[in-house]
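K.L.:
Listed in order, the protein sequences are those of chains A and B.
In terms of numbering that gives the first Met the number 0, the first sequence is residues 0 to 338.
In terms of numbering that gives the first Met the number 0, the second sequence is residues 0 to 338.
The following block contains the structure, expressed as structure tokens.
Protein chains: 2
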Amino acid sequence: MRRTMLKTKISDIAKKANVSSMTVSRVINNSGPVAVETKKLVNKIIKELNYQPNLIARSLSQKKTMTIGVVIPKKTKMFLDSYSAEILSGIIDKAQDNNYKIMLFPRDEAFNRKGGYMALANSNIVDGIVLLTNRTDDPYLPELMESKFPFAVVNYNDHSKKLNFVDCNNIKGAVEAVSFLYQKGHRKIAHVAGDQKETNGIDRLKGYKKALKKLKLPIRKEYIVYGEFEKSIAYNEVDKLLKLKNRPTAIFCADDSMAIGIMEKLREKKIKIPKDMAIIGFDDIEIATYQKPALTTIKQPIYEIGTTAIDILLKLILKEAESPIRKILDTELVIRKSV
Amino acid sequence: MRRTMLKTKISDIAKKANVSSMTVSRVINNSGPVAVETKKLVNKIIKELNYQPNLIARSLSQKKTMTIGVVIPKKTKMFLDSYSAEILSGIIDKAQDNNYKIMLFPRDEAFNRKGGYMALANSNIVDGIVLLTNRTDDPYLPELMESKFPFAVVNYNDHSKKLNFVDCNNIKGAVEAVSFLYQKGHRKIAHVAGDQKETNGIDRLKGYKKALKKLKLPIRKEYIVYGEFEKSIAYNEVDKLLKLKNRPTAIFCADDSMAIGIMEKLREKKIKIPKDMAIIGFDDIEIATYQKPALTTIKQPIYEIGTTAIDILLKLILKEAESPIRKILDTELVIRKSV
DNA sequence: CTGAAAGCGCTAACAG
DNA sequence: CTGTTAGCGCTTTCAG
């Protein structure tokens, strides 16, 4: 005979209150009518026995888990950059506000081997997923788009696909950045581009070119280098710009982390910012403020991107709207000292 | 008649393979014997129908979820400091390695209102929990310690309680920090202490005093100020030290973030580091390296603290060891430029 | 090696 | 207002 302390369940409450399990269930969930007296009694016993519903059983019965899966890039990139971290904060807070729990899924080899997004979708442990991984060459995305499973992608902007996403207006932001440099007197404006496998990187480069055209400035191939959204790569690649005979006087960086890498290089080479070289970034991550000089940048509503992703996802889960849902948030020029 | 596409379940496979559900279950879980031919057939059909087990149903039946809950502080602190983020990385990776999923629980008012740790424990959605919240005055911890529910606390060091924890050797690390300052010629050594409601803060202060005693230096009350592990508070509090007639020549900061706040203040006041004031921190967070001058500090094995928390928790979940399990990891002096 | 029956703890649907 | 029945999709147990 086992002496294991069994968890109290709904039937224990029912027995003690001399009612059926259904009545207890109704009290707990405030669903359906229950006599005031009965309700009181049941609630009293629930407290006495410190009863907590078994959420797994409830999920099986209701076919919903009140849990959202968040697929995050592999650890190396994630968490280290405050950008993803802040998006995640937004996601967590908004989910919490709506009584949803958050489950994290690092997208590593194991995740892919096990079947990627669809395996997750079909395992019934989450009601929907948010993707913080946003490469255009993602081989697992198409089947997710074709399925009915609720999902939302952060920072992947493609109107040609049946994609639910939230993004900021990258092209407009980039145009604003370049225009600001122009307005400050710069005519030789270079661009350190982001990863061209992400729509963010693509769009900011597009915006850069669009602005030059608008300003009647030539688009010079040698003024564009590729930093892959990696600080260290940008740090190295910027040399190509600095070596140029017709050296640019300003650089629009596709994100702040690359801008910071570039400022490091300029400091080492004793190139004064902004006198000898003006720098403008994109994102407005926390450390942008702490740079010397403080980084002028295009601010994304990062936290809000996270909350919006949940807004979208909940609409899909609750069937309050049809896929595709798309949200484009506005950026804002933040003028500091590096331009 | 509904035309909803129902998810294929184990009985669908069974029917198609002309076997019972049990046989299919055995194939999936590699539990119990199945004829080679049968196994082949079943596996083939599983692939054809792209079957994924319903993990919720499995959890209900097996009374385990293969999920670990991680209780994190409210968003404001979390994620912003790379310290917690790196611990979380360790937790996620190690959990993943052992086929456990991660669920995040921000510890906010709602979390407490709903019943805190025990409500989580009794809801059956996680097999164990890791606490990244580690205040000594946590009112919910005692009942968790008395329960049989598997849990592990990060950075809470109390041998008097039935507490499963992982921590670094704070006292030894603090002694090493102060001794290093002494060795560099400093005799007037101040301490900006951490939160005294965390054992980390308490222990580092203890270590500071212990070192002074060992070195036959007086413990001066005015040389100790309290920064609460908050950069901004440290930034303000350090003024008390700077105003002193008998101003210290070195400061041991209870963590790097406070050290960084203090360096900011010193820079503003044109106090040269390390010439006029030597600074040593604790933790070795990522940005410590990027300070000017780069911060000398006591390095904690941060990532490893995260993985160790999972090691402990899994031992408890799998009943491979009895509570309390305690792990103390070693620190390491990292000499850079601020001393 | 395989299967039938029962059950995990809850709730939907229906009946009263 | 309350209860009964059935079922969510899986696994445990027992029987063969």
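We put the beta carbon where it would ideally sit given N, CA and C, even for glycine.
Kindly indicate the opening and closing residues of the beta strand (DSSP E) around PRO32 (chain B).
P.N.:
Locating residue 32 (chain B) in the second sequence gives position 33, where the first residue counts as 1. Run containing PRO32 (chain B): none; DSSP gives neither H nor E here.
K.L.:
Can you tell me whether GLN290 (chain A) is buried or exposed? The criterion is at least 16 other CB atoms within 10 Å of its CB, across all chains shown.
P.N.:
By 1-based counting over the first sequence, the position of residue 290 (chain A) is 291. Buried, because 16 or more other Cβ atoms sit within 10 Å of the Cβ of GLN290 (chain A).
K.L.:
Quick check on the burial criterion: 16 or more other C-beta atoms within 10 angstroms. Buried or exposed for ALA151 (chain A)?
P.N.:
Taking the first sequence and counting its residues from 1, one reaches residue 151 (chain A) at position 152. Classification of ALA151 (chain A): buried, given that the 10 Å Cβ count is 16 or more.
K.L.:
Who are the near neighbours of PHE148 (chain B) in its chain, counting only those whose CB is closer than 6 angstroms to its CB and skipping five residues on each side?
P.N.:
Locating residue 148 (chain B) in the second sequence gives position 149, where the first residue counts as 1. Once the five neighbours on either side are set aside, the close Cβ partners of PHE148 (chain B) are ALA120.
K.L.:
Using the beta-carbon of each residue, which ones in chain A are nearer than 8 angstroms to GLN95 (chain B)?
P.N.:
Indexing the second sequence from 1 puts residue 95 (chain B) at position 96. The answer, in chain order, is PRO105, ASP107 and ALA109.
K.L.:
Taking 8 angstroms as the CB-CB limit, is LYS6 (chain B) close to chain A?
P.N.:
By 1-based counting over the second sequence, the position of residue 6 (chain B) is 7. Taking Cβ atoms only, chain A reaches closer than 8 angstroms to LYS6 (chain B), which makes this a yes.
K.L.:
Please list, in chain order, the chain A residues whose beta carbon lies closer than 9 angstroms to that of MET102 (chain B).
P.N.:
By one-based count along the second sequence, residue 102 (chain B) stands at place 103. Near MET102 (chain B) (Cβ distances below 9 angstroms), the residues of chain A are THR66, LYS100, ILE101, MET102 and LEU103.
K.L.:
My understanding is that ILE55 (chain A) touches ASN97 (chain B), with C-beta atoms under 8 angstroms, so please give their C-beta distance in whole angstroms.
P.N.:
By 1-based counting over the first sequence, the position of residue 55 (chain A) is 56. By 1-based counting over the second sequence, the position of residue 97 (chain B) is 98. 20 angstroms between Cβ atoms; not a contact.
K.L.:
Please work out which residues of its chain come closer than 8 angstroms, Cβ to Cβ, to ARG2 (chain A), disregarding the five sequence neighbours upstream and downstream, and give them in chain order.
P.N.:
As a working mapping, residue 2 (chain A) is identified with position 3 in the first sequence. Residue placement at ARG2 (chain A) is flagged as unreliable, the pLDDT there being 39, under the threshold of 50; the coordinate-derived value follows with that caveat. So no residue of the chain qualifies.
K.L.:
Which of the three DSSP states is assigned to MET276 (chain B) in this structure?
P.N.:
Residue 276 (chain B) sits at position 277 when you count from the first residue of the second sequence. In the structure shown, MET276 (chain B) sits in coil (DSSP, three-state: anything other than H, G, I, E or B).
K.L.:
Which of the three DSSP states is assigned to LYS208 (chain A) in this structure?
P.N.:
As a position in the first sequence, residue 208 (chain A) is number 209, starting the count at 1. Reduced to three states, the DSSP call for LYS208 (chain A) is helix.
K.L.:
What does PRO52 (chain A) reach in chain B if we use C-beta pairs closer than 8 angstroms?
P.N.:
Walking along the first sequence from the start, residue 52 (chain A) turns up at place 53. Near PRO52 (chain A) (Cβ distances below 8 angstroms), the residues of chain B are SER122.
K.L.:
Tell me the residue span of the alpha helix (DSSP H) that contains VAL177 (chain A).
P.N.:
Residue mapping note: residue 177 (chain A) aligns to position 178 of the first sequence, counting from 1. Looking at the DSSP string, the run of the alpha helix (DSSP H) that includes VAL177 (chain A) is 169-182.
K.L.:
Does the distance from the CB of VAL23 (chain A) to the CB of VAL35 (chain A) come in under 8 angstroms?
P.N.:
Taking the first residue of the first sequence as position 1, residue 23 (chain A) is located at position 24. Taking the first residue of the first sequence as position 1, residue 35 (chain A) is located at position 36. Result no, Cβ atoms of VAL23 (chain A) and VAL35 (chain A) do not sit closer than 8 angstroms.
K.L.:
What do you reckon, are the CB atoms on VAL153 (chain A) and THR66 (chain A) nearer than 8 angstroms?
P.N.:
In the first sequence, counting from the first residue as 1, residue 153 (chain A) sits at position 154. In the first sequence, counting from the first residue as 1, residue 66 (chain A) sits at position 67. No, the pair does not count as a contact, with Cβ atoms beyond the cut-off.
K.L.:
8 angstroms is my cut-off, CB to CB: does SER24 (chain A) come that close to chain B?
P.N.:
Indexing the first sequence from 1 puts residue 24 (chain A) at position 25. No, because no Cβ of chain B sits closer than 8 angstroms to the Cβ of SER24 (chain A).
K.L.:
Under 8 angstroms between C-beta atoms, does LEU59 (chain A) make it to chain B?
P.N.:
Translated into the one-based positions of the first sequence, residue 59 (chain A) becomes position 60. Yes - at least one Cβ of chain B is within 8 angstroms of the one on LEU59 (chain A).
K.L.:
Taking the alpha-carbon positions, what's the ALA94 (chain B) to LYS160 (chain A) distance?
P.N.:
Position 95 of the second sequence, counting from 1, holds the residue named residue 94 (chain B). Position 161 of the first sequence, counting from 1, holds the residue named residue 160 (chain A). Whole-angstrom Cα-Cα distance: 35 angstroms.
K.L.:
For the region 111-152 of chain A, which segments carrying the beta strand (DSSP E) assignment without a break, of at least 3 residues, lie completely within its bounds, in sequence order?
P.N.:
Segments of the beta strand (DSSP E) lying fully in the region 111-152 of chain A: 127-130.
K.L.:
Provide the residue span of the beta strand (DSSP E) that contains GLY68 (chain B), from first to last.
P.N.:
The residue labelled residue 68 (chain B) in the question sits at position 69 within the second sequence. Its beta strand (DSSP E) spans residues 66-71.
K.L.:
What residue range does the alpha helix (DSSP H) around LYS230 (chain A) cover?
P.N.:
In the first sequence, the residue the question calls residue 230 (chain A) occupies position 231. Per DSSP, LYS230 (chain A) belongs to the alpha helix (DSSP H) from 230-242.
K.L.:
With DSSP as the reference, label ARG266 (chain B) as helix, strand or coil.
P.N.:
By one-based count along the second sequence, residue 266 (chain B) stands at place 267. ARG266 (chain B) falls in the helix class under three-state DSSP.
K.L.:
Measuring only the C-alpha atoms, how far is ALA176 (chain B) from GLU227 (chain B)?
P.N.:
As a first step, residue 176 (chain B) must be located in the second sequence, where it is residue number 177. As a first step, residue 227 (chain B) must be located in the second sequence, where it is residue number 228. So the alpha carbons of these two residues sit roughly 19 angstroms apart.
K.L.:
Taking LYS183 (chain B) and ALA277 (chain B) to be in contact with their CB atoms under 8 angstroms, please state how far apart those CB atoms are, rounded to whole angstroms.
P.N.:
Working through the second sequence from its first residue, we reach residue 183 (chain B) at position 184. Working through the second sequence from its first residue, we reach residue 277 (chain B) at position 278. So it is a contact: roughly 7 angstroms between Cβ atoms.
K.L.:
Consider the Cβ of ALA118 (chain B): report whether some Cβ of chain A lies at a distance smaller than 8 angstroms.
P.N.:
Here the question's residue 118 (chain B) lines up with position 119 in the second sequence. Interface residue, yes.
K.L.:
Comparing the C-beta of GLY127 (chain A) with each C-beta of chain B, is any distance below 8 angstroms?
P.N.:
Numbered from its first residue, the first sequence carries residue 127 (chain A) at position 128. No, because no Cβ of chain B sits closer than 8 angstroms to the Cβ of GLY127 (chain A).
K.L.:
Grouping DSSP H, G and I as helix and E and B as strand, with all else coil, what is THR330 (chain B)?
P.N.:
As a working note, residue 330 (chain B) is residue 331 in the second sequence. Looking at THR330 (chain B) - three-state DSSP - the assignment turns out to be coil, as it is neither helix nor strand.
K.L.:
Shortest alpha-carbon distance to LYS113 (chain B) belongs to which of A:ILE101, A:LYS220, A:ASN49 and A:LYS205?
P.N.:
As a first step, residue 113 (chain B) must be located in the second sequence, where it is residue number 114. Checking every option, the nearest Cα to that of LYS113 (chain B) belongs to A:ASN49.
K.L.:
In its own chain, which residues sit with a C-beta less than 8 angstroms from the C-beta of SER19 (chain A), not counting the 5 before and 5 after it?
P.N.:
Translated into positions along the first sequence, residue 19 (chain A) becomes position 20. Result list for SER19 (chain A): ALA13, in chain order.
K.L.:
Where does GLU319 (chain B) fall in DSSP's three states?
P.N.:
Mapped onto the second sequence, residue 319 (chain B) falls at position 320. It is coil, neither helix nor strand.
K.L.:
Just confirm the distance between the C-beta atoms of ALA253 (chain A) and ALA320 (chain A), as a whole number of angstroms; I'd bet it's less than 8 angstroms.
P.N.:
Working through the first sequence from its first residue, we reach residue 253 (chain A) at position 254. Working through the first sequence from its first residue, we reach residue 320 (chain A) at position 321. Incorrect: roughly 32 angstroms between the Cβ atoms, too far for contact.
K.L.:
Output the boundary residues of the beta strand (DSSP E) element that contains LEU103 (chain B).
P.N.:
As a working note, residue 103 (chain B) is residue 104 in the second sequence. Counting along the chain, the beta strand (DSSP E) containing LEU103 (chain B) begins and ends at 100-105.
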